[in-house]
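Below is one structure; the comments refer to it alone.
Number of protein chains: 2
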Amino acid sequence: MTIADVAAASGFSPMTVSRVINNDTKVRESTRLLVQQAIAALNYSPNLAARSLAGADQMRIGLLYSNPSAAYLSRYLLGSLEQARAAHVELIVVKCDSGEQGEEEAIRELLSSGVDGVILSEPMCDSPRILALFAQFDTLVVAVGNWRPSSRMSVVRIDDREAAAEMTRHIIALGHRRIGLIIGNALHLASEARRQGFEAAMEAAGLAVPPEYMVQGHFTYRSGLEAAEALLDLPERPTAIFASNDDMAAATIAVAHRRNLDVPRDLTVCGFDDTDFAQSIWPELTTIHQPIAEMSRAAVDMLIDQIRARRAGRNETGRDQLLDYKLVLRDSDAPPG
Amino acid sequence: MTIADVAAASGFSPMTVSRVINNDTKVRESTRLLVQQAIAALNYSPNLAARSLAGADQMRIGLLYSNPSAAYLSRYLLGSLEQARAAHVELIVVKCDSGEQGEEEAIRELLSSGVDGVILSEPMCDSPRILALFAQFDTLVVAVGNWRPSSRMSVVRIDDREAAAEMTRHIIALGHRRIGLIIGNALHLASEARRQGFEAAMEAAGLAVPPEYMVQGHFTYRSGLEAAEALLDLPERPTAIFASNDDMAAATIAVAHRRNLDVPRDLTVCGFDDTDFAQSIWPELTTIHQPIAEMSRAAVDMLIDQIRARRAGRNETGRDQLLDYKLVLRDSDAPPG
DNA sequence: TCGATTATTGATAGCGCTATCATTCAAAGG
DNA sequence: CCTTTGAATGATAGCGCTATCAATAATCGA
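Protein sequences, first through last, are from chains V and X.
Mapping to this note's numbering: the first sequence position 282 is 301, numbers consecutive.
Mapping to this note's numbering: the second sequence position 50 is 69, numbers consecutive.
Structure below.
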């Protein structure tokens, strides 16, 4: 089943069929319709290999992922896969093991497959070494995460700081005064942004945040367990705990239950991300919804744009796309007992 | 950087270079060496698009996924993506919403992209309607899950029954007599297989399994909470609970902790799958390791083989590939108090 | 009405690679 | 020494698609 078959069936030339496929403007509406009918009738779909070989605007982009939560990763992947497919762009997904060697290998693999650009997420976009490697090969980079756009790197993100502040304000509005924070992985800039948002909101409400109310975590369930233990061990334990992601919030709920604290009656627990986790545990988490799939879709789109721009000779500067987050109220928050 | 450049640099024809690249036997050793040097010197890597176009063995396969746990899904996806990429096969990933409409749509989308074959997982491969649709379009199918191979469907699986039996024997060997089972989603054949394995091992050990010791779950954390509550509410509560996946095992641990039961001192909890979950909770789960990524990789390979066979005119019957599972001992099991 | 535009379509020539068959060359046999 | 054989290499022709430009049809202004 080739373009020639469609051409024969529709009565036009292969070139016209190609134009229809590629949404070229210079095709009469009636022609377009006929060709589309033929395409549908023959159940034709173009051969990507031929397409990329013939077309100069074929592009191949890489997606480097490290080791975030599985829930996050699957959404992230699916979003980018879908978008890449829709744009007829080849997406190469490569795992980046931590450590210099793992990084180096992953990047070599990407570069040797001739990618035009790469999508990175935290914490990789925070690694100067990784960025230097891409710079050296003159590869375009789009980062998903809380990072500053630069001339060679665009960014897709949500406003982590403001999101965390909004959640904090919500908890304060419920009447809580002693609020604990479980900070995220120190390597992620988003962690710092969320902490700042928390502190800013607390300060704006005139509430003190003793240092022991902010405990370091690493975005893992396990680290959440330890952090929650530390917070609930405090002589004056917090009446609410804001965890910097859902995994740690889930762990906090587990620790609370182990101590016979009802959530949310005795302890309010809030998360961040709204991964599948948030609705699969009990009680369902009040959390910040982060549009993960949309973010990776946006990253793919942005990277494609940038590659086009570069090929056209324009040298755009890095862009910064801010997507909307949303405070999702579920069952893990309540006024203090 | 094309094959012609390498040819020029090495002093041989493009064809000879191609032979070296493809490890053709009919190349003199000295020639091979020279060409390889040229390839290395020029940092050449062949254009995949041209390769698959010229090779004519271009194929496109689909992967239909529904809504398993995110941890499972991400591994499953990554395995198949990697394998498809290595085999230069286009992989189209489509989500299948539950319900007749969702299924129909997803399948239409796949068929209209002209896939040569499809990879299904449970519970989709259990749906007669879905299978009928593919049969109608004469599409090859490889199922990942506990299903019988048929003329038009191959299967990649582990021996769920024996794996569950092995886990059960392990729990019995620890000294447990009252062992509860949380059954998996009734739509998945694997659930039934695991239940059978459990029952068989119990019977072989001469242990009774009162019906109330086997509680229905749905593979979700939430359902695990309810099932665990039911089991621990029993007048003679089990000293060990075997959950049919890790999510439900994690929920069981949460419920145990809420009731001040230490795991594993007061209650042994075992899972199944060995997803990321298993090591991220505390205590780490003793569970059955299922090679998820390998299974999806194997499915891709098998489908490619079948498509090749069909194109060559051979009409193979469905194959059945059994991969190895492994009992992984961690910290959630112990002899009864 | 007629040339001048402009919109639409078609013909041709590759993209980089490999399948196929032709050619060359070295070694072996007569 | 000249064929004969087989191994090694080269020449040619596409794979299915799109870029480019040429050709045609439709539209317009005078």
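For every residue, glycine included, the Cβ atom is placed at its ideal position computed from N, Cα and C.
query, result
"Segment contact flag, the region 93-100 of chain X with the region 265-284 of chain X, C-beta cutoff 8 Å, min 3 pairs", "no"
"Residue range of the unbroken alpha helix (DSSP H) whose run includes valine 108/X", "Looking at the DSSP string, valine 108/X is not in any alpha helix (DSSP H), and its letter there is neither H nor E."
"Leucine 52/X burial status per 10 Å Cβ neighbour count (16 or more: buried)", "exposed"
"Beta carbon of glycine 164/V nearer than 8 Å to that of glutamate 128/V", "no"
"From Glu181/X, Asp339/X, Ala259/X, residue whose alpha carbon lies closest to that of phenylalanine 217/X", "Glu181/X"
"Short CB-CB distance (under 8 Å) between asparagine 62/V and chain X", "yes"
"Among Leu72/X, Gly121/X, Asp178/X, Asp352/X, the one whose alpha carbon lies nearest that of alanine 262/X", "Asp352/X"
"Touch test, the region 201-214 of chain V against the region 263-274 of chain X, Cβ-Cβ under 8 Å, three pairs minimum", "no"
"Pick from Ala154/X, Arg47/X, Asp178/X, Ser32/X that is closest to serine 170/X, judged by C-alpha positions", "Ala154/X"
"Beta-ladder partner(s) of serine 175/V, from DSSP", "Per the sequence presented here, residue 175/V reads as valine, with serine not at that position. Per DSSP, Val163/V, Gln340/V."
"Residues that lysine 345/X bridges to, as DSSP identifies them", "His308/X"
"Local conformation of methionine 20/X per DSSP, three classes", "coil"
"Proximity below 8 Å, CB of threonine 258/V to CB of arginine 188/V", "no"
"Option in Glu335/X, Asp320/X, Pro355/X with minimal Cα separation from valine 137/X", "Asp320/X"
"Chain V contact for glutamate 248/X (CB, 8 Å cutoff)", "no"
"Whole-Å CB distance - methionine 143/X paired with serine 85/X, under 8 Å assumed", "6 Å"
"Cβ of serine 351/V within 8 Å of any chain X Cβ", "no"
"C-beta atoms of threonine 306/X and alanine 297/X nearer than 8 Å", "yes"
"Minimum Cβ-Cβ distance from threonine 44/V to chain X less than 8 Å", "no"
"Below-8 Å beta-carbon distance, leucine 96/V vs any chain X residue", "yes"
"Secondary structure of alanine 247/V, DSSP reduced to three states", "helix"
"Isoleucine 260/V in three-state terms, based on DSSP", "strand"
"Pair within 8 Å by beta-carbon distance, leucine 226/X and isoleucine 191/X", "yes"
"DSSP-derived helix/strand/coil call for isoleucine 80/X", "strand"
"Own chain partners of leucine 67/V with C-beta closer than 8 Å, once the 5 adjacent residues on each side are dropped", "His107, Glu109"
"Simplified DSSP state of cysteine 289/V, which is helix, strand or coil", "strand"
"C-alpha gap between threonine 50/V and alanine 69/V, whole angstroms", "24 Å"
"Interface flag, arginine 127/X vs chain V, CB-CB below 8 Å", "no"
"Chain X within 8 Å of methionine 143/V, Cβ atoms only", "no"
"Span of the alpha helix (DSSP H) around methionine 34/V", "33-40"
"Short CB-CB distance (under 8 Å) between leucine 240/X and chain V", "One point to set straight first is that residue 240/X is tyrosine, not leucine, in the sequence displayed. Yes, its Cβ sits closer than 8 Å to a Cβ of chain V."
"For methionine 267/V, the first and last residue of its enclosing alpha helix (DSSP H)", "265-277"
"Limits of the beta strand (DSSP E) - the one that leucine 139/V falls within", "136-140"
"Chain V contact for serine 315/X (CB, 8 Å cutoff)", "no"
"Start and end residues, alpha helix (DSSP H) containing isoleucine 58/X", "48-61"
"Within chain V, partners of valine 112/X - CB distance below 9 Å", "Leu96, Leu97, Leu100, Glu101, Arg104"
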